[in-house]
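Residues in the sequence shown are numbered from 355 upward in steps of one, following the numbering used here. One structure below.
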Amino acid sequence: MSTLKHKGKGPQALTANELREGYSVWLTQDMTWSRDFKDALITEDQDQIDAMQAQGAKDDKANLVVGVYFIDIDAKSGQPARYRETFRMNGPSWDTAADVIAKDPTAKQSATAKKD
C-alpha cells in the first residue's frame with residue numbers, strides 16, 4: 355500500500371478505486387467498500403487500522419479494488435486532510451465530451467469542422 359504523503363498520525367481512512375468501474379471507494383465499518391465518503395470508517399485505533407489494512411490487501415488481491423492506501427483525516431472537520439482526497443470525494447473527473455456528443459451528434463460535427 356502506498357504511503358504517499360501519508361503522515362499516519364491522527365484519524366485515518368482507507369481508500370481505493372473499484373477495479374471494474376474506477377470509482378473512488380472507502381472502507382466502511384463492516385469492512386465493505388462504499389462510493390460515499392460519508393460511510394468511511396475513520397479511526398485512530400491501531401487494531402482497527404491493522405484490520406483495515408488486512409481487508410484492503412485481501413480485496414486488492416481478489417481484484418475488487420486497486421490502489422489501496424490510507425489517508426489522513428482532519429480531526430476537526432472529519433474530512434480528508436489533503437486536497438487530492440477532497441477532490442476524489444466528488445467522483446470521477448473524466449472528460450465528458452463523449453456524453454455531449456452522444457446527446458447531440460451535431461456537436462461532433464462542429465468540433466470536427468473547427469479543426470479543419
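Idealized CB from N, CA, C, for every residue including glycine.
Closer than 7 Å by C-beta to residue i: which residues in its own chain qualify, once you throw out the five before and the five after it? Chain order, please.
{"i": "I417", "result": "The sequence given here places Asn at residue 417; Ile does not occur at that position. The answer, listed in chain order, is L373."}
{"i": "G410", "result": "M355, L368, A370, L381 and V422"}
Mapping the DSSP letters down to three states, classify residue i as helix, strand or coil.
{"i": "Q366", "result": "strand"}
{"i": "I403", "result": "helix"}
{"i": "T472", "result": "The first residue shown for the chain is 355 and the last is 470, placing residue 472 beyond what the model contains."}
{"i": "T357", "result": "Reliability of the predicted coordinates at T357 is poor, the pLDDT of 45 falling under 50, and the value obtained from them is presented with this limitation in mind. In this structure, T357 counts as coil in the three-state DSSP scheme."}
{"i": "A411", "result": "helix"}
Report the rounded CA-to-CA distance for residue i versus residue j, giving the unit in angstroms.
{"i": "Y437", "j": "K457", "result": "33 Å"}
{"i": "Q400", "j": "A408", "result": "12 Å"}
Assuming residue i is part of the alpha helix (DSSP H), what are its boundary residues?
{"i": "F424", "result": "F424 -> not in any alpha helix (DSSP H); beta strand (DSSP E) instead, spanning V419 to D426."}
{"i": "R438", "result": "Y437 to M443"}
Looking at residue j and residue i, is the spacing between their C-beta atoms short of 8 Å?
{"i": "A405", "j": "G364", "result": "no"}
{"i": "Q433", "j": "I425", "result": "no"}
Which residues in the same chain as residue i place their Cβ atom closer than 8 Å to its Cβ, once the five residues preceding and following it in sequence are excluded?
{"i": "P390", "result": "Here residue 390 turns out to be Asp, not Pro, going by the sequence shown. Excluding residues within five positions, the ones whose Cβ falls inside 8 Å are W380."}
{"i": "W387", "result": "A370, E372, V379, W380, L381, D413, L418 and V419"}
Suppose the cutoff is 6 Å on Cβ atoms and the five residues either side in sequence are ignored; what does the same chain contact list for residue i look like?
{"i": "D413", "result": "V419"}
{"i": "G376", "result": "none"}
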